[in-house]
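Colleague: This is the structure I have questions about; it appears just below.
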Amino acid sequence: MNIKRILVTGGAGFLGSHLCDRLVEAGHDVICVDNLFTSQKSNIVHLLKRPNFEFIRHDVTHAFWLEVDEIYNLACPAAPGHYQYNPIKTMKTSVLGAINVLGIAKRCHAKVLQASTSEVYGDPDVHPQPESYRGNVNPIGPRACYDEGKRAAETLFFDYHRQNGVNMRLVRIFNTYGPRMHPFDGRVVSNFIRQAVNGNDLTLFGDGSQTRSFCYVDDLIDGFIAMMDGPDDFVGPVNLGNPHEFTVRQLAELVLELTGSNGKLVFKDLPEDDPRQRCPDIGLAKARLNWQPSIELREGLMRTVSWFRSIDFADYRAPTPNY
Ligand code: NAD
Ligand code: UDP
């Protein structure tokens, strides 16, 4: 097989650690660069003894120098509570991080994939969201540091591609969940499962009628690799996510059922600019990558619940305030 040197920024995080697992298993030489802001070493500790895995603690807003064949750029806080904790730093991570990895890609003629997000569509007026939709983002609201940072990174990726011929890929990830989500990241799946297994009430923001579409992590990693290995004339953007849409209330009820919890639903204020609906149109990924998710929410949640039951929450440092 063709063994490659692959850099994964944000490789100690939730998605990054699963991606590193997959790439190490495939025999590639994997370098994980992460400052552990929203993750911890336990996500990758099992990889540290592997000869084809290397961890570098580094902040991607500062330049770094590596020689690689491929780059997956995932470094960025992703949960709303995490990215709003230090919004200026979030914007720097998206923009300066993109410039730094694009610089490596340009110098090394490496292929580089950017982990963008459904948040580039903001609070969407078009539903489900196709890649051609330009979005409805509030540029000055509390989510803007993340949304606009990711949008600026998309611009940089396309300009390096057009101006410098950088071989790049752009994926827009919709809500993804699974084992190794930080239990205190404040995202809806991790919050509900942590609350339920602790026998606590589940916190619904607003009336719980807003929708999201939840993709299990293994499906998403398949999509990452399909896109990286796909044809050079298909750079994206491409949506990766599960098109099965649920209300947040339906998610809460399913988590209560699967955990057998007696917790109740309690209602809290809806955060500012919280998108009312979100669902990917994955027609393009199906047509060009022959990719679609295969793990339904019930199955994925059962796997995630059993991982949450297997960890000790006290081992997890909460980087930001949380419920
Ligand atoms: P995560 O917080 O678990 O992972 C992000 C990783 O980036 C962490 O390990 C963190 O320590 C690291 N990081 C943050 N700032 C850094 C910096 N300045 N320098 C180096 N490392 C830094 O979140 P995740 O869910 O695994 O998200 C990974 C990527 O996927 C992010 O870019 C995110 O925007 C994108 N994404 C995720 C989802 C999702 O549902 N999980 C949805 C859309 C987009
Ligand atoms: N949410 C909720 N209770 C929680 C955490 C989140 O009702 O404890 C809602 C949140 O307001 C949003 C949805 O769940 O409407 C998804 O939130 P998350 O933070 O997971 O990601 P988002 O898709 O908003 O980036």
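Counting from 29, one number per residue, gives the positions in the sequence shown under our numbering.
For every residue, glycine included, the Cβ atom is placed at its ideal position computed from N, Cα and C.
1) Can you give me the Cβ contacts of residue 259 inside the same chain, cut-off strictly under 8 Å, excluding the 5 residues immediately before and after it?
2) So residue 186 is in the alpha helix (DSSP H); what residue range does that whole segment cover?
3) Just to confirm, are residue 207 and residue 331 a CB contact at a threshold of 8 Å?
4) What do you reckon, is the C-beta of residue 103 under 7 Å from a heavy atom of the ligand NAD?
5) Figure out for me which residue from 249, 107, 262 and 218 has the closest Cα to the Cα of residue 283.
6) Apart from the five residues on each side of it in sequence, which residues of its chain come closer than 7 Å, Cβ to Cβ, to residue 94?
7) Going by C-alpha distance, which of 285, 272, 246 and 320 is nearest residue 43?
8) Name, in chain order, the residues that DSSP records as bridge partners for residue 100.
9) The ligand NAD heavy atoms versus the CB of residue 341: any closer than 7 Å?
10) Alpha carbon to alpha carbon, how far is residue 297 from residue 233?
11) Mind checking whether the beta-carbon of residue 203 lies closer than 7 Å to any heavy atom of the ligand NAD?
12) Going by the DSSP bridge assignment, what does residue 267 pair with across the sheet?
13) Does residue 107 pass the burial test, meaning 16 or more other C-beta atoms within 10 Å, or should it be called exposed?
14) For the beta strand (DSSP E) containing residue 136, list its first residue and its last residue.
15) Applying the 10 Å Cβ sphere with the 16-neighbour rule, what's the burial state of residue 215?
Modeller: On the basis of the supplied data:
1) 316
2) 172 to 192
3) Contact: yes.
4) yes
5) 218
6) 35, 59 and 132
7) 246
8) 36 and 141
9) no
10) 5 Å
11) yes
12) Residue 267 is bridged to 200.
13) buried
14) In this chain, residue 136 is not harboured by any beta strand (DSSP E); it is covered by the alpha helix (DSSP H) spanning 115 to 136.
15) Per the 10 Å Cβ criterion, buried.
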